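Residues 10 to 351 in the working numbering are what the sequence shown spells out, letter by letter.
Glycine included, each C-beta is placed from N, C-alpha and C at the ideal position.
Keep in mind the model is a prediction, meaning the values are calculated, not measured.
Since the structure comes first, as structure tokens, the remarks are kept for the end.
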Amino acid sequence: MAETVVELSHVWKVFGDRSAETIAEAERTDLSKAEALEKYQTVIGVRDASFSVSRGEIFCIMGLSGSGKSTLVRHVNRLIEPSAGSIKVLGEDVGAMGTAELRQMRARHIGMVFQHMALMPHRSVRENVAYPLEIRKIPKSRRWAISDYTLGLVDLTGYEDRLPRELSGGMQQRVGIARALASDPEILLMDEPFSALDPLIRLQLQDQFKALVRDLNKSTLFITHDLDEAIRIGHRIAIMKDGVIVQIGTPEEIVTQPADDYVREFVQGISRLKLVRAHTIMEPLANGGAPDDAIRVDGEQDLDSLIDVSVGSERQLVVTDAGKDVGIITKTTLLRGIQGGR
């Protein structure tokens, strides 16, 4: 079983003096965000949120502006205090930490990257990356070595002595990622880090970031308002609306099994070809089993590759698992999978 590094349990954040009353009624009834504002003059930012993140996982939290995604993630390093619920990081109760413990947790175990990097303009790229280590009183030679190493991870070797204004937007964003990695944290909190970039640069950074996280085995909470981005990089996705986590699932689950009309609207324009797997669309084998001349395919193959296999042949596709036939895909099944119906 994968190690859990972040765990939120029944977390609420209600802004306003009457937060306890708001939570008490919301737990009993379907008190809406608008009703809470009218009745108690409070704003429900996060409503009864629970999830866990495993080591090495990229967990995307997405939703429209005002959905509560940034508020939720800021509870992990206690930049925001919860109104109710518990948050554990690496098995430790963040809410029970004193000032010194919390500071150490943030400095050593959690790195955060914002949409706007706020790089210090008068400091070089190397000095910006090394700044978290400077705060921890790490000797300069060691700071410089770590800074140069992390800049190499994000392909910025040779730019160590440049000032931020001499870099492009994408390069500045990579400096921010390097700064977050300099302390070698187990956990990264990413708040829409690529949303202000040009589309091509954004795609390149998404791919680079995903590879980097995989190679370094970092656990990441990644905030985005872009479902394409969430699907591209996330192992699992949480979709939020009005402070509520509406659905949590893999990209395939989100696209093929939307929890409600809100999620369905989000995913209706997403291509299914690289997401939907053979095991999702296959039908049960008939009593006689699979035809001898059927084409065997793996259950993890996506629609795109299944179409390639199917083109030019009238034979059925048989899905296998550990060498055993487990299901069958016909032309009709394949078309329904592409359309989104079963």
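Spatial distance of residue i from residue j (CA atoms)
i      : j      : result
Ile316 : Gln181 : 41 Å
Ser314 : Val327 : 14 Å
Thr38  : Ile32  : 10 Å
Gly332 : Leu312 : 20 Å
Ser323 : Ile248 : Rather than Ser, the amino acid found at residue 323 in this sequence is Glu. For Glu323 and Ile248, the distance between alpha carbons rounds to 40 Å.
Gln346 : Arg171 : Per the sequence shown, the amino acid found at residue 346 is Gly instead of Gln. So the two alpha carbons sit approximately 51 Å from each other.
Asp216 : Ile53  : 35 Å
Asp270 : Asp157 : 48 Å
Glu36  : Leu88  : 25 Å
Phe218 : Ala187 : 11 Å
Leu162 : Ser18  : 34 Å
Leu73  : Asn226 : 29 Å
Arg351 : Pro208 : Bear in mind that the predicted position of Arg351 carries a pLDDT of just 44, short of 50, making it unreliable; the figure below should be weighed with that in mind. Whole-angstrom Cα-Cα distance: 34 Å.
Cys69  : Gln266 : 17 Å
Gly65  : Thr229 : 7 Å
Arg117 : Arg135 : 19 Å
Gly100 : Gln277 : 38 Å
Thr159 : Pro148 : 17 Å
Lys48  : Ser28  : 11 Å
Pro91  : Leu236 : 27 Å
Asp224 : Leu165 : 18 Å
Glu169 : Ala154 : 11 Å
Val23  : Gln50  : 10 Å
Ala299 : Gly258 : 32 Å
His288 : Ala303 : 16 Å
Glu34  : Ala105 : 26 Å
Glu201 : Asn296 : 51 Å
Gln348 : Gly321 : 20 Å
Asp301 : Lys78  : 51 Å
Glu44  : Ala11  : 40 Å
Spatial neighbours of residue i in its chain, beta-carbon cut-off 6 Å, leaving aside the 5 residues before and after
i      : result
Asp251 : Lys42
Arg211 : Phe203
Val253 : Arg56
Glu309 : Arg286
Arg132 : none
Ile119 : Asn86, Pro194, Ile196
Ile290 : Thr342, Gly346
C-beta neighbour in chain B for residue i, strict 8 Å
i      : result
Leu294 : Absence of chain B from the displayed structure is noted, only one protein chain being present.
Sequence-distant residues of the same chain with beta carbon closer than 7 Å to residue i, five excluded per side
i      : result
Asp330 : Gly308
Leu294 : Asp334, Gly336, Ile337
Arg145 : Ala116
Leu46  : Val52
Arg152 : Ala139, Leu142, Glu143
Trp21  : Ile32, Val55, Arg56, Asp57, Pro91, Ser92, Ala93, Gly94
Cβ pair residue i, residue j closer than 8 Å
i      : j      : result
Val255 : Ala268 : yes
Leu221 : Pro260 : no
Arg174 : Pro130 : yes
Met359 : His234 : This structure gives no information on residue 359, because the portion of the chain shown stretches from 10 to 351.
Val264 : Ile279 : yes
Asp198 : Leu206 : The sequence shown places Leu at residue 198, not Asp. Going by C-beta atoms, Leu198 is not nearer than 8 Å to Leu206.
Ile67  : Phe231 : yes
Gln325 : Thr339 : yes
Thr13  : Ser76  : no
Ser61  : Val15  : yes
Leu282 : Ser319 : no
Glu167 : Leu128 : A small correction: the amino acid at residue 167 is Gly; Glu does not occupy that position in the sequence shown. No.
Proximal residues to residue i (C-beta, below 8 Å), its chain only, five neighbours per side dropped
i      : result
Arg273 : Pro267
Glu25  : Just to set this straight, residue 25 is Gly in the shown sequence, not Glu. Cβ within range, chain order: Thr31, Tyr49, Gln50, Thr51, Val52.
**Prompt:** Is it true that the region 77-95 meets the region 173-190, where meeting means three or more beta-carbon pairs spaced less than 8 Å apart?
**Reply:** no
**Request:** Take every Cβ of the region 45-57, pair it with every Cβ of the region 106-113, and state whether three or more of those distances are shorter than 8 Å.
**Result:** no
**Request:** Take every Cβ of the region 133-143, pair it with every Cβ of the region 183-197, and state whether three or more of those distances are shorter than 8 Å.
**Result:** yes
**Runs of beta strand (DSSP E) lying entirely within the region 110-151, each at least 3 residues, in chain order** = Counting only runs of 3 or more, we get 119-122.
**Prompt:** Are the region 89-103 and the region 123-131 touching by the rule of at least three beta carbon pairs closer than 8 Å?
**Reply:** Inter-segment contact for the region 89-103 and the region 123-131 is absent: fewer than three beta-carbon pairs are separated by less than 8 Å.
**Residue ranges of each beta strand (DSSP E) within the region 263-340, 3 or longer** = 304-307, 326-330, 333-338
**3 or more residues per run - each beta strand (DSSP E) lying fully within the region 19-65** = 52-63
**Request:** Counting only runs of 4+ residues fully inside the region 156-214, write out the alpha helix (DSSP H) ranges in chain order.
**Result:** For secondary structure counted as the alpha helix (DSSP H) over 4 or more consecutive residues, the region 156-214 holds these complete runs in sequence order: 178-190.
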